[in-house]
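Working notes, structure below.
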Amino acid sequence: MSEWQIGLVIAVSFLITVVIAPLFIPFLRRLKFGQSIREEGPASHQQKSGTPTMGGLVFLLSIVVTTLFFVQLFGSIGAETILLLLVTIGFGFLGFLDDFIKVVMKRNLGLTSSQKLIGQIIISIIFYVIYAQHELSTELSFGFFSIDLGIIYALFVLFWLVGFSNAVNLTDGLDGLVSGTASVAFGAYAVIAWSQGLDETAVFAFAVVGAVIGFLVFNAYPAHVFMGDTGSLALGGAIAVLSILTKFEFLLLLIGIVFVAETLSVILQVWSFKTTGKRIFRMSPLHHHFELGGWTEWRVVVTFWSVGVVAAAIGVWIGVWNS
């Protein structure tokens, strides 16, 4: 892929999103697909109640259309594209069911945790079956060396896909937070995939960058639409797949440091409260801790974006240097 082809992929996915979103948002409003805000969250968030959700459908459509078109234009559709779209669409559909139950059936928590987990596991197993059939690498990279796990790699894949889909989902709590951090993280893996000559993977990643930046136009504070679980679960699963296909799995802990920190804050908060009866943070996930500490929502978001940019830049340097 040349630089102009990369620019074209990003531009097309961006334009599809910004053209469709203004048509889709009023449609969601007419259907009364508004977000219900949980009462235990920060009080300032109650004013967001009724903001249209399921906006992830917009950029998912853009990602799928752009990826299929340009992968076919630049070459042919292979295993990489199939695996990436399988997880993206699969996790997106699971998130859609969760959102649908919340806004239409008026069950604020959506799918139960066990239902969601079972769905994630099934999609992850299907992913690994296809991955294994194409005899793709079962080596787990630690940067300077790798270990071939063989069939045990399946357990890692299961943990990785489920873990990061939930991590991104937990991060999606402030206007534009996931849109910004995800565009940076996917951009980092796009550059790494491109440097490795993985054109199919790079096309997908650059398509995500353009689509999510386009969505950010409508999702930045104050948000006119939320991506919902439809978007966050899909993005989390997709970024995990990118780390697997580029064989820089553990680099995602750096590139996706915001997602990791948000998840750890929840784990530590629950552990601390159950064992000591005390909370480590004012509220988890981590972004709420800073909000309750007096930071404005925009300050929290921009700070987290900045951390993501620095981490992604370091990740790209490591990934390209070791490619």
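Position 51 of the sequence shown, counted from 1, bears residue number 51 in the UniProt record's numbering, the numbering being contiguous throughout.
In this text, a Cβ means the ideal position worked out from N, Cα and C, and glycines have one as well.
Note that this is a predicted model, so its numbers are computed, not measured.
Is DSSP giving residue i helix, strand or coil here?
{"i": "glutamate 139", "result": "strand"}
{"i": "proline 52", "result": "strand"}
{"i": "serine 265", "result": "helix"}
{"i": "glutamate 249", "result": "coil"}
{"i": "lysine 274", "result": "helix"}
{"i": "tryptophan 295", "result": "coil"}
{"i": "proline 285", "result": "coil"}
{"i": "glycine 78", "result": "coil"}
{"i": "arginine 279", "result": "coil"}
{"i": "valine 104", "result": "coil"}
{"i": "serine 2", "result": "coil"}
{"i": "leucine 31", "result": "coil"}
{"i": "glycine 256", "result": "coil"}
Please tell me whether residue i has its Cβ less than 8 Å away from any Cβ of chain B.
{"i": "serine 179", "result": "Any reference to chain B falls outside this structure, which holds one protein chain only."}
Buried or exposed: where does residue i fall if 16 or more other Cβ atoms within 10 Å of its Cβ makes it buried?
{"i": "alanine 312", "result": "buried"}
{"i": "isoleucine 63", "result": "buried"}
{"i": "glutamate 135", "result": "exposed"}
{"i": "phenylalanine 218", "result": "buried"}
{"i": "proline 285", "result": "buried"}
{"i": "threonine 112", "result": "exposed"}
{"i": "aspartate 148", "result": "exposed"}
{"i": "lysine 247", "result": "buried"}
{"i": "serine 179", "result": "buried"}
{"i": "lysine 116", "result": "buried"}
{"i": "glycine 294", "result": "exposed"}
{"i": "phenylalanine 24", "result": "buried"}
{"i": "leucine 94", "result": "buried"}
{"i": "valine 310", "result": "exposed"}
{"i": "threonine 276", "result": "exposed"}
{"i": "phenylalanine 273", "result": "exposed"}
{"i": "serine 2", "result": "exposed"}
{"i": "glutamine 120", "result": "buried"}
{"i": "valine 129", "result": "exposed"}
{"i": "tryptophan 194", "result": "buried"}
Residue i: which of the options sits nearest, CA to CA?
{"i": "glutamine 269", "options": "Phe281, Val260 and Phe186", "result": "Phe281"}
{"i": "threonine 296", "options": "Leu174, Val71 and Asn166", "result": "Leu174"}
{"i": "valine 103", "options": "Arg279, Asp229 and Thr276", "result": "Asp229"}
{"i": "phenylalanine 91", "options": "Leu57, Val12 and Lys278", "result": "Leu57"}
{"i": "isoleucine 257", "options": "Ile10, Trp298 and Trp305", "result": "Trp305"}
{"i": "alanine 182", "options": "Gln120, Leu254 and Ile147", "result": "Leu254"}
{"i": "residue 332", "options": "Ile121, Leu252, Leu170 and Leu233", "result": "Only positions 1 to 323 of the chain appear in the structure, and residue 332 is not among them; the question remains open."}
{"i": "leucine 61", "options": "Ala185, Gln196 and Gly210", "result": "Gly210"}
{"i": "alanine 21", "options": "Gln120, His224, Gly78 and Leu84", "result": "His224"}
{"i": "leucine 292", "options": "Ser232, Met283 and Arg299", "result": "Met283"}
{"i": "asparagine 141", "options": "Leu252, Ala234, Val19 and Ile122", "result": "A small correction: the amino acid at residue 141 is serine; asparagine does not occupy that position in the sequence shown. Minimum Cα distance to serine 141 is reached at Leu252."}
{"i": "leucine 161", "options": "Thr17, Ile16, Val87 and Glu80", "result": "Val87"}
{"i": "tryptophan 298", "options": "Ser165, Gly176 and Ile25", "result": "Gly176"}
{"i": "glycine 308", "options": "Leu31, Gly75, Tyr189 and Thr17", "result": "Tyr189"}
{"i": "valine 18", "options": "Leu245, Phe226, Leu216 and Trp317", "result": "Leu216"}
{"i": "threonine 67", "options": "Ile118, Phe14, Gly95 and Pro26", "result": "Phe14"}
{"i": "tyrosine 131", "options": "His288, Leu245 and Phe250", "result": "Leu245"}
{"i": "valine 241", "options": "Phe226, Ala185 and His287", "result": "Ala185"}
{"i": "valine 191", "options": "Ser146, Val9, Val316 and Phe27", "result": "Val316"}
{"i": "isoleucine 318", "options": "Phe250, Gly277, Thr303 and His289", "result": "Phe250"}
{"i": "leucine 31", "options": "Val71, Met105, Ser2 and Ser272", "result": "Met105"}
{"i": "phenylalanine 156", "options": "Phe127, Phe69, Phe27 and Ser195", "result": "Phe127"}
{"i": "valine 168", "options": "Val300, Ile267 and Gly237", "result": "Gly237"}
{"i": "residue 379", "options": "Gln196, Leu158, Ile239 and Arg279", "result": "Given that the chain is displayed from residue 1 to residue 323, the structure contains no residue 379 and the question cannot be resolved."}
Ranges of the alpha helix (DSSP H) found wholly within the segment 111 to 189, counting only runs of at least 4 = 113 to 133 and 153 to 171
Quick one: complete alpha helix (DSSP H) runs, 4+ long, within the segment 187 to 227?
-> 199 to 219
Would you call the segment 150 to 167 and the segment 195 to 208 in contact, with 3 or more CB pairs under 8 Å?
-> no
Can you find at least 3 beta carbon pairs, one from the segment 84 to 100 and one from the segment 50 to 69, that sit closer than 8 Å?
-> yes
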